[in-house]
Structures are given as structure tokens and as C-alpha cells.
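Some notes on the structure that comes next.
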Amino acid sequence: MRTFTEVVVLLTLLGTYIGISLLVYKRKRTNPFFYSIYFYLATSVILICLVIFWLQLRFGLTDKQVGGLLISVVAFFLLIYGLLKTKQKDR
502 MRTFTEVVVL
512 LTLLGTYIGI
522 SLLVYKRKRT
532 NPFFYSIYFY
542 LATSVILICL
552 VIFWLQLRFG
562 LTDKQVGGLL
572 ISVVAFFLLI
582 YGLLKTKQKD
592 R
């Protein structure tokens, strides 16, 4: 059952990455600078989540610890995204 959960989470992360990439690519023409920032932001989130899952497998972290790490990572990058979006609206 645990393997099934990990596969579902990894597929969800991959789907999220593809979705963010497509949405950002559609807006590439309006502001190329923010396109690159959003793309790298999405890539960083996915890679960090994958590293967290690797750490779980390697060091045997509990599901609560992994959940806390994932929530922290997503919250941090949502904060950065919000700050960038606010900066873009101010221009």
C-alpha cells in the first residue's frame, strides 16, 4: 500500500509540474523574465519534493515528517510565487 501511495504522489507531482509548465509557457510572450522565474520555481519545487522522497526511503523518515517537509516546501515556494506576482502587478 505504501508503494501505491508513493506512486500516486509522484504522478501528482509530475502532473503538477507539467500543468505549471504549460500555464507558464502560454504567458511567455507577455513577460519573458517572469516566465523564466516561474519555470525555475516549478522545477525547484518538484526536485525538492523528489529529494524528500529519496530521503524518506534512504533514512526511513515517518510519513508525518515527510508530510511536514512537503508542506513547508510548498508553503515557502507559494510565498515566493505570491511575492513575485505582487511585484509583477505593481509594474
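Per our numbering: the sequence shown = residues 502 to 592. Note that beta-carbon positions come from the ideal geometry of N, C-alpha and C, so glycine has one too.
Proximity below 8 Å, CB of residue i to CB of residue j
i      : j      : result
ILE547 : TYR518 : yes
ILE581 : LEU570 : no
VAL567 : ILE549 : no
Per-residue burial, residue i [other beta carbons within 10 Å of its own, 16 or more giving buried]
i      : result
TYR539 : buried
ALA543 : buried
MET502 : In this prediction, MET502 has a pLDDT of 49, which is less than 50 and means its spatial position is unreliable; what the coordinates show is noted afterwards. When all chains shown are included, MET502 counts as exposed.
VAL508 : exposed
In chain order, which continuous runs of the alpha helix (DSSP H) of length 4 or greater are located wholly inside the stretch 524-567? 533-560
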